[in-house]
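Novice: Residue numbers (my numbering), protein chains in the order written: chain L, 1 to 248; chain A, 1001 to 1257.
Where a beta carbon is used, it is the ideal one built from N, C-alpha and C, also for glycine.
(1) Sorted by chain position, which residues of the same chain lie with C-beta nearer than 7 Å to residue 1156 (chain A)'s C-beta, five sequence neighbours on each side aside?
(2) Establish whether the CB of residue 1128 (chain A) and some CB of chain L are separated by less than 7 Å.
(3) Would DSSP call residue 1159 (chain A) helix, strand or coil?
(4) What's the call for residue 136 (chain L), buried or exposed, on a 16-neighbour Cβ count within 10 Å?
(5) Determine, using beta carbons only, whether residue 1100 (chain A) and residue 1186 (chain A) come nearer to each other than 7 Å.
(6) From the DSSP output, in three-state form, read off residue 27 (chain L) for me.
(7) Going by alpha carbons, who is nearest to residue 1141 (chain A) out of A:1010, A:1009 and A:1042?
(8) One question on the structure: do residue 1197 (chain A) and residue 1102 (chain A) come within less than 7 Å of each other, judged by their Cβ atoms?
(9) Report the rounded CA-to-CA distance for residue 57 (chain L) versus residue 64 (chain L), giving the unit in angstroms.
(10) Which residues of the segment 1107-1140 of chain A have a Cβ closer than 7 Å to any Cβ of chain D? Give them in chain order.
(11) Going by other Cβ atoms of all chains shown within 10 Å of its Cβ, with 16 needed for buried, is residue 1045 (chain A) buried or exposed?
(12) Tell me the rounded alpha-carbon separation between residue 146 (chain L) and residue 152 (chain L).
(13) Would you say residue 131 (chain L) reaches chain A, if we count a Cβ-Cβ gap shorter than 7 Å as a contact?
(14) Since residue 78 (chain L) meets chain A, which of its residues come closer than 9 Å, beta carbon to beta carbon?
(15) Between the beta-carbon of residue 130 (chain L) and the beta-carbon of residue 138 (chain L), is there less than 7 Å?
(16) Might you give, ordered along the chain, the residues of its own chain that have their beta carbon closer than 6 Å to the beta carbon of residue 155 (chain L), omitting 5 neighbours on each side?
(17) So, do the segment 1222-1232 of chain A and the segment 1111-1130 of chain A have three or more beta carbon pairs nearer to each other than 8 Å?
(18) Can the beta-carbon of residue 95 (chain L) be found less than 7 Å from the beta-carbon of residue 133 (chain L)?
(19) Here's the rule: buried if 16 or more other CB atoms are within 10 angstroms of the residue's CB, otherwise exposed. What is residue 1018 (chain A)?
(20) Mind checking if residue 109 (chain L) is an interface residue toward chain A, Cβ cutoff 7 Å exclusive?
(21) State yes or no: is the beta carbon of residue 48 (chain L) nearer than 7 Å to at least one beta carbon in chain A?
(22) Scan the segment 80-112 of chain L for residues whose Cβ lies nearer than 9 Å to a Cβ of chain A and list them as they occur along the chain.
(23) Does residue 64 (chain L) get closer than 7 Å to chain A when you measure Cβ to Cβ?
(24) I need the straight-line Cα distance from residue 47 (chain L) to residue 178 (chain L), nearest angstrom please.
(25) Determine the chain A residues that contact residue 74 (chain L) at a beta-carbon separation under 7 Å, and present them in chain order.
(26) Between which two residues does the alpha helix (DSSP H) carrying residue 8 (chain L) extend?
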């Protein structure tokens, strides 16, 4: 369903992606892990065409999105839902308006239908009663849940999660993970998630890919990753200071 | 030595030209969406309210005091040559042709332009603009075009209000304080101010509106990283808009002389 082929990207002479390759199957939930500043978000942004690669291609359902027109890209983007790192909720809108926004802009649903869908989405993420609040008035965990509800409201085929649990306490972190698993089961989307949550992530995703020095170093099921002898993976799982990953 | 100097000047010139080209494409892109549906009426009304209605108080204050100061200074000068009767036309012409459009534009830049740059800049650094793109919504159509259309509507209106209030401010000082007759103040104005003067003022207001919103939106849309980036963009937007207002005022003033 999604295929990243030999992706290269540099910013101001600094190489971020150096020939990354990755295949994500239909309805699979995959996590991308790797050191901070290692290009995970850049890779994720390539998947939806927010960044143009220097070289390589990103194929989504058979179409290379690096070579399509703006109009065609928008059509492909309609298949996506994205949960951004900070939530990226619109400050000027209430929680309700934020979640209803994609429906109002992209569908012809009536007011009542939109209300019904938003209420259902709020219930799914356990946020009944906050629909009239503004993003500035709710906690970080709530923002992530609202962002998740907004990403899922159009029932997209593919959902991208950019560190959906960063900065949250362990209880909320578990709640978000459970929510992702439940909604994945309910809607059956293909999911790509950036995460640093070891070992919790092993229980959430189908596969894990390690990005190291701009390439996908290892891909495997959580079981395979746990048993991996790759020094990068071992160091990352142990959180060790000694190993191939240097702290800069 | 000379080669190095030329290289530095050349690279700077290329960078300036590139930015200008980028800015022009940004404006053309925004203007393209003025004529292609779907139109964002709700955003347009929101921007008219923000740029226009919320600037009213400061425009009223600026307009009235500008008219009052003008009356004081011009009356003092005219009395020396015995032409106090010309106070009305002098105030009206100064305001309608020059001070109304320029001061209104500078005021709106300070109040709304800077806020818009900061708002768009914060939307950029908090990925709200990316979120729009990810939803297959064009951020220029959604964020920029309504602001520019709002400016086209609001700038001439606020300038007109500024002019009228300024003229009444001048009336207060000239007639009520300095003793000029009310009839003289307004009837002389009727003789000397014609439609062309009003038209010039409105053309200027329109031009300043597009310039200010273009610069402020561009600076916000392509802001730098973090709070520092947004603060720098906001300062640059206000400074650049103000300079462009004065330069274009001179150019338009010479053209319509």
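Specialist: So, from the data block:
(1) Here residue 1156 (chain A) refers to the residue found at position 156 when the second chain is read from its first residue. In the same chain as residue 1156 (chain A), and ignoring 5 residues on each side of it, the C-beta atoms closer than 7 Å to its own belong to 1202, 1205 and 1206, in chain order.
(2) For the purposes of this step, residue 1128 (chain A) is identified with residue 128 of the second chain, where counting begins at 1. Yes, because at least one Cβ of chain L sits closer than 7 Å to the Cβ of residue 1128 (chain A).
(3) Position 159 of the second chain, counted from the start, is the residue given in the question as residue 1159 (chain A). Of the three classes helix, strand and coil, the one that applies to residue 1159 (chain A) here is helix, per DSSP.
(4) Here the question's residue 136 (chain L) lines up with position 136 in the first chain. With fewer than 16 other Cβ atoms within 10 Å, it is exposed.
(5) Taking the second chain and counting its residues from 1, one reaches residue 1100 (chain A) at position 100. Taking the second chain and counting its residues from 1, one reaches residue 1186 (chain A) at position 186. Cβ distance not < 7 Å, so residue 1100 (chain A) and residue 1186 (chain A) don't count as in contact.
(6) Reading the first chain from its first residue, position 27 is the one you call residue 27 (chain L). Here residue 27 (chain L) sits in coil by DSSP.
(7) Here residue 1141 (chain A) refers to the residue found at position 141 when the second chain is read from its first residue. For the set A:1010, A:1009 and A:1042, the Cα lying nearest the Cα of residue 1141 (chain A) is the one of A:1042.
(8) Walking along the second chain from the start, residue 1197 (chain A) turns up at place 197. Walking along the second chain from the start, residue 1102 (chain A) turns up at place 102. No, they are not a contact pair.
(9) Numbered from 1 along the first chain, position 57 holds the residue referred to as residue 57 (chain L). Numbered from 1 along the first chain, position 64 holds the residue referred to as residue 64 (chain L). When rounded, the distance between both Cα atoms is 6 Å.
(10) No chain D appears in the structure shown, which is made up of the protein chains L and A.
(11) The residue you call residue 1045 (chain A) lines up with position 45 of the second chain. The residue is exposed, with fewer than 16 neighbouring Cβ atoms inside 10 Å.
(12) Residue mapping note: residue 146 (chain L) aligns to position 146 of the first chain, counting from 1. Residue mapping note: residue 152 (chain L) aligns to position 152 of the first chain, counting from 1. Between residue 146 (chain L) and residue 152 (chain L), the C-alpha separation is close to 10 Å.
(13) The sequence position of residue 131 (chain L) within the first chain is 131, counting from 1. The beta-carbon of residue 131 (chain L) is placed no less than 7 Å from the nearest beta-carbon of chain A.
(14) Position 78 of the first chain, counted from the start, is the residue given in the question as residue 78 (chain L). Among the residues of chain A, those whose CB is under 9 Å from the CB of residue 78 (chain L) are 1135 and 1136, following chain order.
(15) Numbered from its first residue, the first chain carries residue 130 (chain L) at position 130. Numbered from its first residue, the first chain carries residue 138 (chain L) at position 138. In this structure, residue 138 (chain L) lies closer than 7 Å to residue 130 (chain L) by Cβ.
(16) Working through the first chain from its first residue, we reach residue 155 (chain L) at position 155. Once the five neighbours on either side are set aside, the close Cβ partners of residue 155 (chain L) are 187.
(17) Counting Cβ pairs under 8 Å, three or more are found: they touch.
(18) Position 95 of the first chain, counting from 1, holds the residue named residue 95 (chain L). Position 133 of the first chain, counting from 1, holds the residue named residue 133 (chain L). A contact, by the Cβ cut-off of 7 Å.
(19) On the second chain, residue 1018 (chain A) is found 18 positions in, with the first residue counted as 1. With fewer than 16 other Cβ atoms from the protein chains shown falling within 10 Å of its own Cβ, residue 1018 (chain A) counts as exposed.
(20) The residue you call residue 109 (chain L) lines up with position 109 of the first chain. By this cut-off, residue 109 (chain L) is not an interface position.
(21) Counting from 1 along the first chain, the entry for residue 48 (chain L) is found at position 48. Yes, residue 48 (chain L) counts as interfacial toward chain A.
(22) For the segment 80-112 of chain L, the residues whose beta carbon sits under 9 Å from a beta carbon of chain A are, in order, 80, 81, 82, 84, 85, 86, 87, 88, 89, 90, 91, 92, 101, 102, 105 and 106.
(23) Sequence index remark: in the first chain, residue 64 (chain L) carries index 64 (1-based). It does not: the Cβ of residue 64 (chain L) has no partner Cβ on chain A nearer than 7 Å.
(24) Residue 47 (chain L) sits at position 47 when you count from the first residue of the first chain. Residue 178 (chain L) sits at position 178 when you count from the first residue of the first chain. Spanning the two alpha carbons is a distance of roughly 24 Å.
(25) Translated into positions along the first chain, residue 74 (chain L) becomes position 74. The answer, in chain order, is 1136.
(26) One-based indexing of the first chain puts residue 8 (chain L) at position 8. Element bounds for residue 8 (chain L): not the alpha helix (DSSP H) but the beta strand (DSSP E), 2-11.
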